[in-house]
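Here's the structure we're looking at; comments come further down.
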């Protein structure tokens, strides 16, 4: 009998926050575990947890920020989006205030403007951020 396999549900959270210079940026983390590199905060949905609950939890675990979810953006499901296994990620846009602190799976953290993100990102996060910046006005809330 063939064992049935399903993709793993995940969330990614684009956290909008005011920088110390007063400009609005987004939070990125530098991953502590493979695949290495800069990424949007996020992670796996726990059993018994809603996508929204997972987004709030993962944001807190990785950035120390309490977030307010604004919108659900898109879902990304390319089987190759995560080199570890097939994941399906639902992306949320959130706002936060305060100073992000790298925690849990994050070894470093920063708040970046669009033009400062000129380096490779882990997973398909370049595509996600491209979609976000291109269609940001649709998600104003």
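Residue numbers (the numbering used here): 746 to 886. Even for Gly, the Cβ is constructed at its ideal location relative to N, Cα and C. Note that this is a predicted model, so its numbers are computed, not measured.
By Cβ distance, which residues of its chain are closer than 8 Å to residue 788, with the 5 residues on each side in sequence left out?
755, 756, 799, 803, 806, 807, 850
Indicate whether residue 785 and residue 874 have their beta-carbon atoms separated by less than 9 Å.
yes
Using 10 angstroms around the beta-carbon of residue 795, count the other beta-carbons present and answer buried if the total reaches 16, otherwise exposed.
The residue in question, residue 795, is exposed, as its Cβ has fewer than 16 Cβ neighbours within 10 Å.
Distance between residue 859 and residue 879 (C-alpha atoms, nearest Å)
Roughly 11 Å separates the two Cα atoms.
Assign residue 870 to buried or exposed, taking buried as 16 or more other Cβ atoms, counted over all protein chains shown, within 10 Å of its Cβ.
So residue 870 ends up on the buried side.
Could you check if residue 882 belongs to the surroundings of the ligand PLP, using beta carbon to heavy atom distance under 8 Å?
Ligands in the displayed structure: none, and consequently the ligand PLP is not present.
Please confirm if the stretch 837-855 is in contact with the stretch 808-819, defined as three or more CB-CB distances below 8 Å between the two stretches.
yes
Excluding the 5 residues preceding and the 5 following residue 824 in the sequence, name in chain order all residues of the same chain whose CB lies nearer than 7 Å to its CB.
831
Under three-state DSSP, which class holds residue 761?
Strand at residue 761.
Give the list of continuous beta strand (DSSP E) stretches no shorter than 3 residues that lie fully inside the stretch 793-821.
813-821
Which of the three DSSP states, helix, strand or coil, is assigned to residue 840?
strand
Anyone know if the C-beta pair for residue 759 and residue 845 falls short of 9 Å?
Cβ atoms of residue 759 and residue 845: not closer than 9 Å.
So what does DSSP say about residue 848, is it helix, strand or coil?
coil
Neighbourhood of residue 783 by C-beta distance below 6 Å, restricted to the same chain and skipping five residues each side:
Take residue 783, set aside five residues on each side of it, and the residues of its chain with a beta-carbon closer than 6 Å to its own are 773, 775, 866, in chain order.
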